[in-house]
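Protein chains in written order, with our numbering: chain A, 1209 to 1374; chain B, 6 to 295.
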């Protein structure tokens, strides 16, 4: 069941990200649903799931982008692992804490990405922070918070977290 | 409330850490090899994903069509009037161009120019945009199985769109001419000065390395020079809007407005590189008549 759900997420995230989300932009920047999904999976299901699903999502997204596949898989995989390790240290996570956490994590990933991708000299760190990293982090935090709030109000997330790690 | 969870499954953690270390070591030590492995193995995954991608893109296009056809009709009357005026102007220009074309044909026959094979074009539909925010790309519904390969040029009848950078079996990713990581050899049509067209972070393009003595000015059209693979000579890239000349610089540069608005492209044509005449073929002199 879990594997099927992960499969649907990996396959479904690409059409949403490339077809639907370009209509939901902030200053021309769209949210990265991959970051949101990987963080939530890592937090709820643990570091192994976070790493593997994160790498698969990063890889799948990079197949439909100019970004190289290895960098995508590595960045999202590392993020899933970190989210899983962070999730181990908590038994209760409110939507507000998750929003702040996602904002910080998305900023950190966004700051690392231009260096890893070795972009054109025009796309320096200052440009990246104001034009991509901050708008994307805000959108990621809002969307991640909304999804988590929905899960939080419908399911017992704490129990889900404990059960999935047993 | 934050507490330490003591029910730690150490096996899962160990496996995750080992996998992460392997992935990071691979990234640091064998980036080129692993990159090609990931891209190669990604073929079946890309094929699986392109199914839902086409379905979602189809639904999206239908909704956009309904919107464009019925809801967004306001203001059409004024646009229609403006288009009619433009049509009249273009008809007049068309007549002049026909005359010029006929004259060129007569002269070319006289000089016995070799007929150049026109490149084969593959029509493709835009089904999506880049999945990230770092590159300006579009996704088209033709891939490796249709003969699309990396480095092939992509155009519309209006001008250059970009270059193929990645393919799956049934889709391809096109890096737009407005992306700062793209570079296409360009030529100012009036002055014949060559340079490199590069995208800018503002969604425009820039022609770099124009000689200092060039007489380029705003309004000049820039076309492909045909010096790099993928694009034959003479395809429109953009129009110069500003010339930047810095003191003590070896070259000047020019800002361009691309002919094609990347945000409004729906269909494109992919140029099959192998059929584009090479520079040597293009420059070969006509044989003298016996």
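Backbone N, C-alpha and C fix where the C-beta goes; we use that ideal spot for every residue, glycine too. Note that the structure is a prediction, hence the values are computed from the model and not measured.
1) Got a sec, what are the start and stop residues for the beta strand (DSSP E) residue 129 of chain B sits in?
2) For residue 1344 of chain A, go through chain B and note every residue whose CB falls closer than 8 Å to its CB, in chain order.
3) Determine, using beta carbons only, whether residue 44 of chain B and residue 1281 of chain A come nearer to each other than 8 Å.
4) Looking at residue 219 of chain B: is its Cβ nearer than 8 Å to the Cβ of residue 244 of chain B?
5) Return the CA-CA distance between residue 175 of chain B and residue 146 of chain B, expressed in angstroms with no decimal places.
6) Going straight from the alpha carbon of residue 179 of chain B to that of residue 1269 of chain A, what length do you get?
7) What is the rounded straight-line gap between the Cα of residue 54 of chain B and the Cα of residue 1220 of chain A?
8) Go ahead and pull the three-state DSSP assignment for residue 257 of chain B.
9) If we ignore side chains and look at the alpha-carbon of each, how far apart do residue 37 of chain B and residue 1279 of chain A end up?
10) Taking 8 Å as the threshold (C-beta atoms), are residue 1353 of chain A and residue 1306 of chain A in contact?
11) For a quick check, are the C-beta atoms of residue 1362 of chain A and residue 1239 of chain A less than 8 Å apart?
12) When the Cα of residue 1299 of chain A is compared with those of A/1351, A/1340, A/1244, A/1254, which residue comes out closest?
13) Check the Cβ-Cβ distances between residue 1337 of chain A and every residue of chain B, and say whether any is below 8 Å.
14) Alpha carbons only, please: which of A/1341, A/1244, A/1330, A/1324 is nearest the one belonging to residue 1315 of chain A?
15) Under 7 Å Cβ-Cβ, which residues of chain B neighbour residue 1238 of chain A?
16) Distance check for residue 1317 of chain A and residue 1304 of chain A, CA to CA, integer angstroms please.
17) Under a three-way DSSP split, which group does residue 1300 of chain A fall into?
18) Name the chain B residues whose beta carbon is nearer than 8 Å to that of residue 1325 of chain A?
19) Can residue 168 of chain B and residue 186 of chain B be called in contact, C-beta distance under 8 Å?
20) Identify the contact partners of residue 1328 of chain A in chain B, using a Cβ-Cβ distance below 7 Å as the criterion.
21) Find the nearest neighbour of residue 269 of chain B within the set B/225, B/134, B/228, judged by alpha-carbon distance.
22) Residues in its own chain within less than 7 Å of residue 1368 of chain A by CB, not counting five upstream and five downstream?
23) Alpha carbon to alpha carbon, what distance is there between residue 91 of chain B and residue 119 of chain B?
24) Run through the segment 1225-1279 of chain A for me and flag every whole beta strand (DSSP E) of 3 or more residues, listed as ranges in chain order.
25) Could you give the C-beta distance for residue 65 of chain B and residue 1227 of chain A, rounded to a whole number, given that I count them as a contact under 8 Å?
26) Check whether chain A comes within 8 Å of residue 149 of chain B, counting only Cβ atoms and requiring the distance to be less than that.
27) Does the segment 144-162 of chain B come close enough to the segment 248-256 of chain B that 3 or more CB-CB pairs lie under 8 Å?
28) By how many angstroms is the C-alpha of residue 267 of chain B removed from the C-alpha of residue 200 of chain B?
29) As a quick exercise: from B/47, B/170, B/263, pick the residue whose alpha carbon is nearest that of residue 304 of chain B.
Walking through what the data contain:
1) 126-134
2) 138
3) no
4) no
5) Between the C-alpha atoms of residue 175 of chain B and residue 146 of chain B there is a straight-line separation of about 6 Å.
6) 15 Å
7) 8 Å
8) strand
9) If you take the alpha carbons of residue 37 of chain B and residue 1279 of chain A, they lie about 11 Å apart.
10) For residue 1306 of chain A and residue 1353 of chain A, yes; Cβs fall inside 8 Å.
11) no
12) A/1254
13) no
14) Closest in alpha carbon position to residue 1315 of chain A, among A/1341, A/1244, A/1330, A/1324, is A/1341.
15) 138
16) Cα to Cα, the separation comes out at about 20 Å.
17) Note: residue 1300 of chain A maps to coil in three-state DSSP.
18) 139
19) no
20) 185, 186
21) Nearest of B/225, B/134, B/228 to residue 269 of chain B, Cα basis: B/134.
22) 1252
23) Confidence is the limiting factor: at residue 119 of chain B the pLDDT is only 49, short of 50, which leaves the residue's position unreliable, though a coordinate-based value still follows. Between residue 119 of chain B and residue 91 of chain B, the C-alpha separation is close to 36 Å.
24) none
25) 5 Å
26) no
27) no
28) Distance between the alpha carbons of residue 200 of chain B and residue 267 of chain B is about 22 Å.
29) Residue 304 of chain B cannot be examined here, being either before or after the span of chain B that is shown, 6 to 295.
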